[in-house]
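Novice:
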Amino acid sequence: MKEENSYYYGLVFGCPMKEETETCAYKHIRQLSLPERIAYLNSLTSYDRAVLIKEHKSCLCQRENKVPFSRIAIL
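In terms of the working numbering, the sequence shown is residues 722 to 796.
1. What span of residues does the alpha helix (DSSP H) with TYR747 cover, start to end?
2. Please report the straight-line C-alpha distance between LEU732 and HIS749, rounded to a whole angstrom.
3. Would CYS736 and TYR729 qualify as a contact pair, given that the criterion is a beta-carbon distance under 9 Å?
4. Which whole-angstrom value is the C-beta distance of CYS780 and CYS745, which I expect to be below 8 Å?
5. Would you call LEU755 buried or exposed, if buried means 16 or more other Cβ atoms sit within 10 Å of its Cβ?
Shown next, in the form of structure tokens:
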């Protein structure tokens with residue numbers, strides 16, 4: 722499994738910032754049962770997977786810039 726694929730699949734279990742945003746690209750996926758999540762992800766094209774990861778990385782960068790440094794140190 723490629724590194725980006727393991728990263729991609731890990732995001733269906735939860736947000737690395739503990740709480741997802743209302744606009745999270747993975748929110749609707751996380752509401753599915755585990756077998757449905759995996760089936761959904763497996764049905765996506767490489768392009769669609771890349772879009773999801775890009776949206777996640779953009780959100781993560783924005784949120785990390787808003788978190789006080791002391792909180793980042795304990796995450």
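Backbone N, C-alpha and C fix where the C-beta goes; we use that ideal spot for every residue, glycine too.
Specialist: Taking the geometry as given:
1. The sequence position of residue 747 within the sequence shown is 26, counting from 1. From DSSP, TYR747 is part of no alpha helix (DSSP H); its letter is neither H nor E.
2. Sequence index remark: in the sequence shown, residue 732 carries index 11 (1-based). Sequence index remark: in the sequence shown, residue 749 carries index 28 (1-based). C-alpha separation (whole angstroms): 12 Å.
3. Position 15 of the sequence shown, counted from the start, is the residue given in the question as residue 736. Position 8 of the sequence shown, counted from the start, is the residue given in the question as residue 729. For the 9 Å CB-CB criterion, CYS736 and TYR729 do not form a contact.
4. Reading the sequence shown from its first residue, position 59 is the one you call residue 780. Reading the sequence shown from its first residue, position 24 is the one you call residue 745. Contact check for CYS780 and CYS745: beta-carbon distance about 7 Å, within the 8 Å limit, so the pair qualifies.
5. To locate residue 755, count along the sequence shown from 1; it is residue 34. Exposed, because fewer than 16 other Cβ atoms sit within 10 Å of the Cβ of LEU755.
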